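Residue numbers (this note's numbering), protein chains in the order written: chain A, 130 to 525; chain B, 67 to 359.
Where a beta carbon is used, it is the ideal one built from N, C-alpha and C, also for glycine.
A quick note: this is a predicted structure, and the numbers were derived from the prediction, not measured.
Before any comments, here is the structure.
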Amino acid sequence: MLGSKRKKIAILITLVFMFGIIAGCGQKAPTTQQPAPTQEVINVGLNVELSGGVASYGTNAKDGAILAIEQINAAGGVLGKQLNPIVRDCKSLADEAMSVSAALVGEKIVAQIGPLTSGNVAGSTPIMTENKIPLIAPAATAANVTVDEKTGVTRDYIFRVCFIDPFQGTLMAQFAADNLKVKTAVIYGDTSSDYAKGLAEYFKKTFTEKGGTILATEGFVKDDRDFRATLTRIKGLNPEFIYVPGYYQEVAPLIAQAREQGITVPIGGPDGWDSPDMVTVAKADALNNTYFTNHYSSQDTDPKVVAFVEAFKAKYNKEPDGFAALGYDSVMIMVQGLKDAQAADPVKLAEALAKIKNFEGITGNMTIDANHNPIKAGVIIEFKDGKQTMNSRIQP
Amino acid sequence: MQEFIQQLVNGLSLGAIYALIALGYTMVYGIIKLINFAHGDVMMVGAFVGFFSITLLGANIAVAMLLAMTACALLGIIIEKVAYRPLRNSTRIASLITAIGVSFLLEYLTIFFIGPNQKVFPATAFAVKAYDIAGLSILNKDVFVFVSAVALMLVLQYIIKYTKTGKAMRAVSLDMEAAVLMGISVDKTISMTFAIGSALAAAAGVMVGVYYGTINPLMGIIPGLKAFVAAVLGGIGIIPGAMVGGFVIGLLETIVSGYGNSLYRDAVSFGVLILILLIKPTGLFGKDTGEKV
């Protein structure tokens, strides 16, 4: 008797929960944004991370994108029409990014900006490809975002405005050979991450092409803390430059130990160095004469960047970071594509985007290559007495 | 030649840290035949106690090390009482698996309470100075690690050779039942062994913090494994063996990175473990007594 009563209660509770979930689903798709009845506006979807693990990426990119849209609209819009941003939160989840895309497709968007991380872009990719609407990823750096890894075929509707990770190796090699004028280098990188291995490969290729010599390639793995033996060996080789592709957890103690051993030559690395921990661990003195590549610097003195930084600060009262700049560029490159296509049509926009050459963005001049990756400039950030300062902009 | 001597200096401080951790492994094994895989994590806890002593209590490095050693000695006693003592008469594999469980428990409790990110060991606790001696760069922290490690090893030797506790430890490790018959409190002796071993690991943890500048909740895993190799190399259960083993592994790693290829460093350390187990399982200092049946 008691048993069957319990069973009934259990079924009842289950039912209540199920209804709750179904009801919740219904509420999920907000209908506040009315799609325009006629095509007087061009709908642009912003599928970004506004909550969850990487909320700061999405929030900043959205701020940059909204600023760009407002500037375009204030200047009369595109093709005589105003841009209408539709902002949706993908909660830093790949499956959520997919359902947000599905909802945005229903709003007749011409293109989607975002999401920010490579994983979330991958979640959104099938829907966008299926519906033939271009996706412009502001900051997804994994190589397979725009190219199908298995077949090597470029994804027709996926674009990005950031360079892929390994490209930073090329930039640093150029900087070392052309600006620092060094002839010999040692690569001492993380061998446990694909990120660092790709960087080392590109650095080696470009540096040797420029007539430099790689004296040795050494490696460490994640969580190593003792680099002295290898550094002593490197010191014996007398290189003019050391390239350290890796993340700050390992790189900071590595640089500290290198300086302790009396290695004074310049040391370079990728954006994995970009952390306040670099200075607290390695100390300001040790970091002098070290450089890393990045997408953008808010200290850039380029007039376009200065204007962007001022406008951003005026609107949001904060410093724009790389994500904000890339979000801004994503909108601007889409606008360029719309102008080239002379139509607010997603398929024509995708064709136009694939052909963009010498587009002038905040994060550098971009030419979209066959893999839908931009060939573009990067910046070199130098540590000066513990402060990150912009050293130069490197155009490939 | 100068580069070689520099590599020796590099290897000695690394070896001293390995040796201190290896001592804890070997002492515990010597007395209850248990590979205490949680030992590396005790070192991690020691590093964090040292870190908080400096940042929160404003202690200097010596006080921080003493606090860490005391806290970990207590932790060692508690771990033994809670996790290993109830299993003392069950199969060895049961205690071994428990040790792995304790290891995870310590790691993830630390992550839960303190967070997974690395902590920067305050530079104010130890001002680094470099001395240039005949072209060698020797840091005061090299000297600090080496001297304090050797001092702790001497103290340990004294305790084991000349004190009652030491005698009791040796007696229990030789024959537990006979020791009981002689009126030695086995429980107390085992507790003391854990306390001393854990205190040495804590000292090593603080040294790692000072030496490498950062600590994190998973920092004990790799040094723990390397120290285990060192203990086996020297002959597990034999105290001088652990010291020598620690220095040998430290120097070996340095020489492999310095003259061979840095990518093979870990492979060589763990290769040594396999070789020793194949060729002389009792280790460098071990006497081949054959398995007692």
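Residue i: first and last residue of the uninterrupted alpha helix (DSSP H) it sits in
i	result
glutamine 211 of chain A	Looking at the DSSP string, glutamine 211 of chain A is not in any alpha helix (DSSP H); the run it does join, the beta strand (DSSP E), is 211 to 218.
asparagine 330 of chain A	Checking the sequence, you will find glutamate at residue 330 of chain A rather than asparagine. Run containing glutamate 330 of chain A: 323 to 338, per the alpha helix (DSSP H) assignment.
phenylalanine 118 of chain B	105 to 121
threonine 231 of chain B	230 to 240
serine 228 of chain A	223 to 235
glutamine 517 of chain A	Per DSSP, glutamine 517 of chain A belongs to no alpha helix (DSSP H); it is in the beta strand (DSSP E), 516 to 523.
tyrosine 286 of chain A	Premise fails: tyrosine 286 of chain A is in no alpha helix (DSSP H) and is neither H nor E.
CB contact flag (residue i, residue j, <8 Å)
i	j	result
glycine 106 of chain B	glycine 279 of chain B	no
glycine 456 of chain A	aspartate 294 of chain A	no
phenylalanine 117 of chain B	glycine 275 of chain B	yes
leucine 86 of chain B	alanine 297 of chain B	no
isoleucine 420 of chain A	proline 395 of chain A	In the sequence as presented, isoleucine is not what sits at residue 420 of chain A; that position holds tyrosine. Taking 8 Å as the Cβ cut-off, tyrosine 420 of chain A and proline 395 of chain A qualify as a contacting pair.
glycine 187 of chain A	valine 177 of chain A	yes
tyrosine 317 of chain A	isoleucine 265 of chain A	no
valine 334 of chain B	leucine 318 of chain B	yes
Identity of the residue in the options nearest residue i by Cα
i	options	result
isoleucine 250 of chain B	B:Ala261, B:Val238, B:Met258	B:Val238
glutamate 369 of chain A	A:Gly397, A:Glu225, A:Asp403	A:Gly397
phenylalanine 294 of chain B	B:Ala265, B:Gly167, B:Tyr277, B:Leu339	B:Leu339
valine 186 of chain B	B:Thr121, B:Ala137, B:Ser156	B:Thr121
lysine 195 of chain B	B:Asn155, B:Pro188, B:Gln184, B:Val209	B:Val209
serine 335 of chain A	A:Ala271, A:Arg284, A:Asp307, A:Arg289	What sits at residue 335 of chain A in the sequence shown is threonine, not serine. Closest option to threonine 335 of chain A, Cα to Cα, is A:Asp307.
asparagine 273 of chain A	A:Lys261, A:Ile265, A:Asn260, A:Gly248	A:Gly248
methionine 257 of chain A	A:Phe437, A:Lys442, A:Ala232	A:Ala232
valine 250 of chain A	A:Ala411, A:Lys444, A:Thr270	A:Thr270
aspartate 355 of chain A	B:Gly324, B:Ser156, B:Ala244	B:Gly324
glutamate 347 of chain A	B:Leu329, B:Ala130, B:Ser257, B:Ser335	B:Leu329
isoleucine 145 of chain B	B:Gln184, B:Ala261, B:Thr190, B:Ile321	B:Ala261
serine 185 of chain A	A:Asn202, A:Val207, A:Asp218	A:Asp218
aspartate 352 of chain A	B:Thr176, B:Met248, B:Ser257, B:Asp332	B:Asp332
leucine 205 of chain B	B:Tyr277, B:Leu341, B:Tyr228, B:Val334	B:Tyr277
Cβ shell of residue i (< 8 Å), same chain only, five flanking positions each side left out
i	result
threonine 337 of chain A	Ile343
methionine 309 of chain B	Ala85, Ala88, Leu89, Met219, Gly300
alanine 499 of chain A	Thr283
Closer than 8 Å to chain B by CB, residue i
i	result
aspartate 352 of chain A	yes
proline 374 of chain A	no
glutamate 347 of chain A	yes
alanine 506 of chain A	no
lysine 237 of chain A	no
glycine 515 of chain A	no
glutamate 511 of chain A	no
glutamate 389 of chain A	yes
aspartate 406 of chain A	yes
aspartate 498 of chain A	no
lysine 412 of chain A	yes
aspartate 355 of chain A	yes
Element boundaries [beta strand (DSSP E), containing residue i]
i	result
leucine 202 of chain B	202 to 205
glutamate 347 of chain A	342 to 349
isoleucine 509 of chain A	507 to 513
aspartate 198 of chain B	196 to 199
asparagine 494 of chain A	493 to 497
alanine 240 of chain A	240 to 242
isoleucine 371 of chain A	370 to 372
Contact set for residue i: own chain, Cβ-Cβ below 7 Å, skip 5 residues either direction
i	result
leucine 153 of chain B	Ala160, Ser161, Thr164
methionine 461 of chain A	Ala197, Gly490
asparagine 155 of chain B	none
asparagine 520 of chain A	Tyr420, Ile509, Ile510, Glu511
glutamine 517 of chain A	Ile510
Min CB distance residue i to chain A below 8 Å
i	result
glutamine 184 of chain B	yes
alanine 267 of chain B	no
threonine 190 of chain B	no
threonine 280 of chain B	yes
threonine 320 of chain B	yes
glycine 81 of chain B	no
leucine 205 of chain B	yes
glutamate 69 of chain B	yes
glycine 324 of chain B	yes
Proximal residues to residue i (C-beta, below 6 Å), its chain only, five neighbours per side dropped
i	result
isoleucine 171 of chain A	Lys210, Leu212, Val239, Ala473
alanine 134 of chain B	Gly112, Val115, Gly116, Ala268, Val272
threonine 299 of chain A	Tyr331, Thr335
valine 311 of chain A	Ala305, Glu369, Phe370
isoleucine 225 of chain B	Gly232
aspartate 514 of chain A	Ala413
alanine 411 of chain A	Ala381, Ile384, Ala385
valine 246 of chain B	Val252
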